[in-house]
Amino acid sequence: MANQREETHEFDASRALQSLAVLKSSLDFGRDYLDNFCKLVLPVVASFDGEPLSSRSVADEFFKNYSLRVPDKTIELVLRRLAKRKVLTKQAGSYYCAESVDADDLQEMFRSAQGANETLYANLMEFCQERFGLSISRDDIALQFTKFVSRFGVDFLKNYIFRSTLPDLPDGLSDGQFAIAAYVRSVSEDGGDQYTSVMSLVQAHMYANALLCPDLESIEKDFSKVTFYFDTPCLVPLVVQPDPIESRASNELLALIQGLRGKVAVFAHTFEELNSVLQGVLSNLENPRAEGALVRDLRRAHLKAGDVAMRVAGAEQRLNELGFSIQPTPEYVQSYQIDESKLEAAFDECGLHYKHERAKDHDVNSIRSIYVIRKAKKYARLEDSLAVLVTNNAALARSAQKFGRLHEGQEALTSVVTDYALANVAWLKRPASKSTMPERELLAASVALMEPSEKFWRHFLKSVDEIERSGKYDPDILAVLRATPLAERELMELTLGSEDLLTDSRIDAVVERVKARLRDESASIVDSERIARERAEAEADELRLGRARQEARAAGFASNIGGLIEFLIRGVHAAGVLASGMVALIFGSSGIPWTWQAMTLALFPALLTALDALGVGVIRHLKRSRRNFEQRLTTWILGP
393 MANQREETHE FDASRALQSL AVLKSSLDFG RDYLDNFCKL VLPVVASFDG EPLSSRSVAD
453 EFFKNYSLRV PDKTIELVLR RLAKRKVLTK QAGSYYCAES VDADDLQEMF RSAQGANETL
513 YANLMEFCQE RFGLSISRDD IALQFTKFVS RFGVDFLKNY IFRSTLPDLP DGLSDGQFAI
573 AAYVRSVSED GGDQYTSVMS LVQAHMYANA LLCPDLESIE KDFSKVTFYF DTPCLVPLVV
633 QPDPIESRAS NELLALIQGL RGKVAVFAHT FEELNSVLQG VLSNLENPRA EGALVRDLRR
693 AHLKAGDVAM RVAGAEQRLN ELGFSIQPTP EYVQSYQIDE SKLEAAFDEC GLHYKHERAK
753 DHDVNSIRSI YVIRKAKKYA RLEDSLAVLV TNNAALARSA QKFGRLHEGQ EALTSVVTDY
813 ALANVAWLKR PASKSTMPER ELLAASVALM EPSEKFWRHF LKSVDEIERS GKYDPDILAV
873 LRATPLAERE LMELTLGSED LLTDSRIDAV VERVKARLRD ESASIVDSER IARERAEAEA
933 DELRLGRARQ EARAAGFASN IGGLIEFLIR GVHAAGVLAS GMVALIFGSS GIPWTWQAMT
993 LALFPALLTA LDALGVGVIR HLKRSRRNFE QRLTTWILGP
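FYI, the numbering used here numbers position 479 of the sequence shown as 871, with every residue one higher than the one before it.
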């Protein structure tokens, strides 16, 4: 496919970040994404200097100039818009630049962005040197930061041609990624200019993701036709709230969905799995050899068994409060049934492996349930798709996408999306809202990068077991290593998140650091203060998001009332036009004397036409009037 092309020009990470900054600074929320994007495209089309240009040639030149990739279809939409404005002319299937373009203000914006980015690079280099003893060059730090920003992409949505405007960058940057995440966490605590610079670039990349959808009309649509079914890992942060940062990101996603009139639900089998998982965690929380990710999260949050037990018991009530409905798992319907063996083969091909067979069965059940709800109908847009499974497991989403392409064809929308991809798309629909989604996702991504992966942690624990057998350390301190979050933190600090750096000497260093931290009572005080602060912030967020959910429900009710009134007005309008036609036909052809009532009715269409010409027609302004009415009704429902 044309849009899957390889970049033929050298990628410049620094230029890409400048371009993102300029794109964000040129945004005007009163205009659509294409209008804002035109500003960057204009100098590119002008550079053709009278030569014919096409969407492909402009996309290639755009990458060469800005180191950002944009689909040919999006470029084609921009070229059509520029042609309507007489900036371009079209002859024999090719576009030509019809007028000169002044790009001086754009150059000034690039100079300003470069200055801000150079300051960011310098701060990052200084942080890496002082905190980790890492000497990273300016070019490498730009590449590392670009890799970090590229994490915020829209994976697994077919109508988004690429996952990111940034090209696919090489693997093997894990040590630098840990350092970037540590920097973000550090500067986020004071919220100063350094954090603002990082947040600005992440937001800019999220804005740029809108350009990856060639069907930009779908950006304007809400989620009123869709029910989003959350899987178990996505429900845990909402129910148990082990990590305040992850929980706030999950709550933010929920508010975005509901603000766009989407519905959220849980399959009955998923709710059973949630209860089973939580009961299992509860029974293992005090076991020092328990190594699951959720157990570690709960220990990090210093949650005791009693706290967890209360949250487990109140899981259903909590989900109801958040607006979830627990739906019966659809029956197996032969005509809508998928080939589950092929789905499981896709799991294997995408590297999705399960520790427990029951977990795989639950995921298969969830995915085939989505197909049953859709009744084997293919959808191209997320906004029309009736039902979607939401997961935080990228491998599961990747597997479902692979299977969907085999099962339904290349153009069909996947049955599974990641929570982040969904949050990004939802935010793109309302970027000027009060949502703090970009900040929440930035912090959540940073936290995730600073924690050892399941594989890395097991590797570490295996090494600890070997040390225990050798008798090198007291068994008590090794038990602490397994059970305390301190070990995770020190492990990541000393290895920068890289398994390749896990040596015997570094394991010894982890042990010594943990022992020192346990002796240092002030460290536990600082940790307690941090946890208390995060919980207070989470409670404040809960109040804000609760208000957001109330606003979403009120807006949904107002929208239904507004829709009904609009339907009635349009019905009266249509009935009036029809009646006037019938009256004109009857009185005009039968010779019956005209009455003033009949004359008024017959002139009804002419009256409407005159009002439209004067700019005061009812139908012409109906949508705007409906929006104003809905806003006023929503405000009245919510009260002061």
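Glycine included, every Cβ here is placed at the ideal spot set by N, Cα and C.
Pairing M842 with R822, the inter-Cα distance amounts to about 30 Å.
Taken atom to atom, the span from the alpha-carbon of N785 to that of D464 is near 30 Å. DSSP lists F620 as the beta-bridge partner residues of V780.
Annotation: R577 to R543 spans about 16 Å, alpha carbon to alpha carbon. A direct Cα-Cα distance of roughly 47 Å separates S777 from S529. Counting along the chain, the unbroken beta strand (DSSP E) around S486 starts and ends at S486 to C489.
If you draw a 10 Å sphere on the C-beta of N952, you find fewer than 16 other C-beta atoms in it, and that means exposed. Rounded to whole angstroms, the gap between the alpha carbons of A787 and E443 is 45 Å. The DSSP-derived three-state label of S492 is coil. The C-alpha of M884 is placed about 49 Å away from the C-alpha of S446. Contact between the region 751-761 and the region 684-701 is absent: fewer than 3 CB-CB pairs across the two stretches fall below 8 Å.
Contact check for R461 against F455 passes: the beta carbons are separated by less than 8 Å. With contacts defined as CB atoms closer than 8 Å, A490 and L480 qualify as a contacting pair. According to DSSP, S717 shares a beta bridge with A657. Of L820, E612 and A660, the smallest CA-CA separation from Q719 is found for A660. Per the DSSP secondary-structure output, K482 pairs in a beta bridge with Y487. Pairing V704 with L670 gives a Cβ-Cβ distance under 8 Å.
Judged by their CB atoms, T783 and T806 are not nearer to each other than the 8 Å cut-off.
Of the candidates S642, N676 and E665, S642 places its Cα closest to the Cα of A836. DSSP places T538 inside the alpha helix (DSSP H), whose first and last residues are R530 to V541. A straight line joining the alpha-carbon of A685 with that of V673 spans about 10 Å.
Taken through DSSP and simplified to helix, strand or coil, V809 comes out as strand. Between the alpha carbons of F739 and H745 lies a distance of about 7 Å. Going by DSSP, L434 is part of the alpha helix (DSSP H) stretching over Y425 to A438.
Straight-line spacing of the CA atoms in A840 and Q793 works out to 24 Å. Annotated three-state conformation of L498 is helix, per DSSP. For D614, the CB contacts under 8 Å within the same chain, skipping 5 residues up- and downstream, are L652, R653, G654, E775 and K821 in chain order. When the alpha-carbon of L1025 is set against those of G954, I961 and T662, the nearest one is in G954. Under the 10 Å beta carbon count, R881 is surrounded by 16 or more other beta carbons and is classified as buried. D900 is the residue among K769, F848, D900 and L853 whose C-alpha sits nearest the C-alpha of K864.
Judged by DSSP secondary structure, M842 falls outside any alpha helix (DSSP H); it is assigned neither H nor E. Rounded to the nearest angstrom, the Cβ distance from D623 to L781 is 6 Å, consistent with a contact under 8 Å. In the structure shown, L445 adopts extended strand secondary structure according to DSSP, grouped into three states. In the three-state reduction of the DSSP assignment, Q521 falls in the helix class.
Per the C-alpha coordinates, the member of P830, A875, A596 and K847 positioned closest to A413 is A596.
Of the candidates Q650, V656, R710 and N676, the residue whose Cα lies closest to the Cα of V632 is R710.
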